[in-house]
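One structure is given below, encoded as structure tokens.
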Ligand SMILES: *Cc1c(COP(=O)(O)O)cnc(C)c1O
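Here's what the structure looks like:
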């Protein structure tokens, strides 16, 4: 029996068509800058976002960590949400890789505001304080249940950053999910950010790969840091081909994932043991159950029906929709959720 896997949108497997372009990819040594497929991917995605350059890396953790290390010196401070992936899920990399510290903001479902940012910026003339050096946003927000930023707030934050001469970084692991919903043009959306990290291995369904975007000088520095972090890959065109295919073919269909997530939300809301479902905005459903025990019982019940979901902190569970969830899987899953008692 096949397992229906809602644990993450990273679990997708390359389709036959994707595997074909990967098998046929032109390759070269990317550390020498000679892999034509990597170069094509970097160029196409940079253009799509109106940025000068891009850098292909093995993971989104690496693209974020490289960006932070380029922007910050040891002792500097990064402003981000307390739920931010760069802080919560990257193994303390901000401290370890860049030697930087963090200033954590409460945020609303992980979305921080211009006012919060401005009041967290340190007085650079006071020698007691760490030097505020970077502001980082995440869109969509993973721990915030796939919440999307209001683009006006992004602009407001960027205005504050400009006032204090601070770069703004975007952890855009799921930025394509945000762009499908917010209706903002990619070039406009990218403009307020000095650096952007995107993942091809999440909802777009590539097996491996992330990109860091920025201006030429930033990417030149990032390339050096990627090598230091051990992320310089050789005939990386094999995986870049899958990433390019994912970028070209799988953006539009994210709508289906969002619709499926809303169907799951609707179904979960009906269950007596579900206290609250974070209003679904994209492809992530986070539900708070009455107790940790009821969450565990529900997850075990689903598992027994060959449906996988994740525990997500005290009494909460997370389901993520993606391109390997078929309509048949959805019908089966909704039926099983409804029958839980
Ligand atoms: C998945 C993810 C990343 C990158 O994760 P990797 O597994 O290292 O590719 C970064 N930020 C967010 C918000 C993510 O969800």
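Residue numbers (the numbering used here): 304 to 644.
Cβ coordinates follow ideal geometry from the N, Cα and C atoms, glycine included.
Being a predicted model, the structure only gives us computed values, none of them experimental.
- Assigned with DSSP and collapsed to three states, residue 623 falls in strand.
- Secondary structure of residue 316 (DSSP, three-state): coil.
- Assignment of beta-bridge partners to residue 359 by DSSP yields 514.
- Annotated three-state conformation of residue 414 is strand, per DSSP.
- For the segment 398–448, the continuous alpha helix (DSSP H) assignments of 4+ residues that do not extend past its boundaries occur at 417–423, in sequence order.
- By the neighbour-count criterion, in which 16 or more other beta carbons inside 10 Å mark a residue as buried, residue 472 falls on the buried side.
- Residue side-chain check: residue 308 keeps its Cβ at 6 angstroms or more from all non-hydrogen atoms of ligand 1.
- Boundaries of the beta strand (DSSP E) harbouring residue 580: 577–580, taken from the DSSP string.
- Three or more Cβ pairs closer than 8 angstroms define a contact, and the segment 577–594 falls short of that threshold against the segment 452–463.
- At a threshold of 6 angstroms, residue 474 counts as near ligand 1, since its beta carbon sits closer than that to one of the ligand's heavy atoms.
- Considering only 518, 576 and 567, the residue with the shortest C-alpha distance to residue 358 is 518.
- Within the segment 472–543, the beta strand (DSSP E) runs of at least 3 residues that lie entirely inside it are, in chain order, 498–502 and 513–517.
- Around the Cβ of residue 575, a 10 Å sphere holds fewer than 16 other Cβ atoms; the residue is exposed.
- When 507, 563 and 527 are compared, the shortest CA-CA separation from residue 547 is found for 507.
- In the three-state reduction of the DSSP assignment, residue 380 falls in the strand class, which pools E and B.
- At a threshold of 6 angstroms, residue 364 counts as near ligand 1, since its beta carbon sits closer than that to one of the ligand's heavy atoms.
- Between residue 413 and residue 387 the beta-carbon gap is near 7 angstroms, inside 8 angstroms, which marks them as a contact.
- According to DSSP, residue pairing for residue 343 in a beta bridge does not occur.
- Taking a contact as a CB-CB distance under 8 angstroms, the pair residue 558 and residue 313 does not count as one, their CB atoms being some 20 angstroms apart.
- The Cβ atoms of residue 425 and residue 416 do not sit closer than 7 angstroms to each other.
- When DSSP states are grouped into helix, strand and coil, residue 338 belongs to the coil group.
- Residue 396 is positioned such that its CB atom lies closer than 7 angstroms to that of residue 368.
- Rounded to the nearest whole angstrom, the C-alpha separation of residue 573 and residue 545 is 39 angstroms.
- Closest in C-alpha terms to residue 634, from the list 618, 598 and 564, comes 564.
- Using a Cβ distance threshold of 7 angstroms, residue 366 and residue 461 do not count as a contacting pair.
- The residue among 580, 630, 571 and 615 with its C-alpha nearest the C-alpha of residue 644 is 571.
- Taking C-alpha positions only, residue 309 is separated from residue 468 by approximately 41 angstroms.
- In this structure, ligand 1 has a non-hydrogen atom nearer than 6 angstroms to the beta-carbon of residue 441.
- Between ligand 1 and residue 586, a heavy atom-to-CB distance of less than 6 angstroms is absent.
- Between the alpha carbons of residue 501 and residue 511 lies a distance of about 12 angstroms.
- As a beta-bridge residue in DSSP terms, residue 613 pairs with 621.
- Residue 590: member of the beta strand (DSSP E) spanning 587–592, first to last residue.
- Taking the CA atoms as reference points, residue 496 sits about 19 angstroms from residue 405.
- Check the Cα spacing between residue 551 and each of 329, 583, 451 and 345: the tightest is with 345.
- With a beta-carbon spacing of about 6 angstroms, residue 480 and residue 586 fall inside the 8 angstroms limit used to define contacts.
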